[in-house]
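See structure below.
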Amino acid sequence: MLVSDEELVKRSKLGDAEAFEQLIARHQQKVYNIAYRLMGNPHDAGDLAQEALIKVYKSIGKFRGEASFSTWLYHIISNVCRDEMRKRSRHPVSFLDEPVVTEDGTLEKEVADLRGSPETAFEQKESDAFIQQLISTLNPEYRVVIVMREMMGFTYEEIAGELHISLGTVKSRINRARKYLKERILAERELCRKEERLLVERREA
6 MLVSDEELVK RSKLGDAEAF EQLIARHQQK VYNIAYRLMG NPHDAGDLAQ
56 EALIKVYKSI GKFRGEASFS TWLYHIISNV CRDEMRKRSR HPVSFLDEPV
106 VTEDGTLEKE VADLRGSPET AFEQKESDAF IQQLISTLNP EYRVVIVMRE
156 MMGFTYEEIA GELHISLGTV KSRINRARKY LKERILAERE LCRKEERLLV
206 ERREA
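The opening position of the sequence shown corresponds to residue 6 in our numbering, with each subsequent residue numbered one higher.
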């Protein structure tokens, strides 16, 4: 019979190292996935996931059970990642969804074409790696809310409370993030289809 998180937390608080290991093993992949979504690369995700789990180990005795253990754990990993993003924001950072300002006006940035052959382009574009690439081009304020909502399952109200912003701001950021991601995915689909048609025409010529 599967032991509940609540029971494992209880044992962990009493110093049961095996119970704590079971608890972490149950959630560590989700913790890593959240870190990966927020940070955009496996190296940072691994480091920050490990940092979050160390924090959990040190503070498990303070967990009061007002929310589920998983919610508490996801709160910790999101805070660790947000802290890291704030540190990095002190240095100039350029995101792919920001236009380049020149003397002649503004220009939209283009993402390098890493698709390979047109035959495999659509499949690659639909892959998790491509979705992650798109999420990584979002500014942090949009990236955080979309990950908290879509991956961590937080309600709009919970996100507002967590980030100390208004409910309207949460909804606005999520809507803008979804719109941006949808437009980019549809644009890439259309580009792939055009390239496939051109390939067919060249073969038939």
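Positions of the beta carbon are idealized from the N, C-alpha and C atoms, including for glycine.
* Asked: Within the chosen definition, does the stretch 31–48 reach the stretch 78–89 through at least 3 CB pairs nearer than 8 Å?
  -> yes
* **Range of the contiguous alpha helix (DSSP H) that encloses residue 14** => Position 9 of the sequence shown holds residue 14. Residues 10–18.
* **Proximity to residue 58 [Cα-Cα], best of 161, 45 and 30** => Counted from its first residue, the sequence shown places residue 58 at position 53. Checked all of 161, 45 and 30; the closest Cα to residue 58 is 30.
* Take the Cβ of residue 154 as the centre, count every other Cβ of all protein chains shown within 10 Å, and call the residue buried at 16 or more, exposed below. => As a position in the sequence shown, residue 154 is number 149, starting the count at 1. So residue 154 ends up on the buried side.
* Any Cβ of chain B within less than 7 Å of the Cβ of residue 205? -> Included in the structure is just one protein chain, with no chain B present.
* Is residue 38 helix, strand or coil by DSSP? -> Numbered from 1 along the sequence shown, position 33 holds the residue referred to as residue 38. The answer is helix: DSSP assigns residue 38 an H, G or I state.
* **Three-state secondary structure (DSSP) of residue 141** => Indexing the sequence shown from 1 puts residue 141 at position 136. In this structure, residue 141 counts as helix in the three-state DSSP scheme.
* Tell me whether residue 64 is buried or exposed, calling it buried when 16 or more other Cβ atoms sit within 10 Å of its Cβ. => Locating residue 64 in the sequence shown gives position 59, where the first residue counts as 1. Burial call: exposed.
* **Unbroken alpha helix (DSSP H) run spanning residue 180, endpoints** => For the purposes of this step, residue 180 is taken as the residue at position 175 of the sequence shown. 172–209 is the extent of the alpha helix (DSSP H) around residue 180.
* Span of the alpha helix (DSSP H), counted from its first residue to its last, around residue 74 -> Residue mapping note: residue 74 aligns to position 69 of the sequence shown, counting from 1. Counting along the chain, the alpha helix (DSSP H) containing residue 74 begins and ends at 74–93.
* To do: Confirm, please, whether the CB-CB distance from residue 182 to residue 136 is below 7 Å.
  => Position 131 of the sequence shown holds residue 136. Position 177 of the sequence shown holds residue 182. Cβ distance not < 7 Å, so residue 136 and residue 182 don't count as in contact.
* To do: Assuming residue 74 contacts residue 10 (C-beta within less than 8 Å), just tell me the rounded distance between them.
  => Residue numbering aside, residue 74 sits at position 69 when the sequence shown is read from its first letter. Residue numbering aside, residue 10 sits at position 5 when the sequence shown is read from its first letter. With 8 Å as the limit, residue 74 and residue 10 qualify as a contact, their Cβ atoms being about 4 Å apart.
* Under three-state DSSP, which class holds residue 71? -> Start at 1 with the first residue of the sequence shown, and residue 71 comes out as number 66. Note: residue 71 maps to coil in three-state DSSP.
* **Nearest-angstrom Cα separation, counted from residue 206 out to residue 156** => Within the sequence shown, numbered from 1, the residue matching residue 156 stands at position 151. Within the sequence shown, numbered from 1, the residue matching residue 206 stands at position 201. If you take the alpha carbons of residue 156 and residue 206, they lie about 41 Å apart.
* Check residue 44 in the structure and name its three-state DSSP category. => By 1-based counting over the sequence shown, the position of residue 44 is 39. Residue 44 falls in the helix class under three-state DSSP.
* Asked: Around the C-beta of residue 209, are 16 or more other C-beta atoms found within 10 angstroms, so that it is buried, or is it exposed?
  -> Counted from its first residue, the sequence shown places residue 209 at position 204. Exposed, since its Cβ has fewer than 16 Cβ neighbours within 10 Å.
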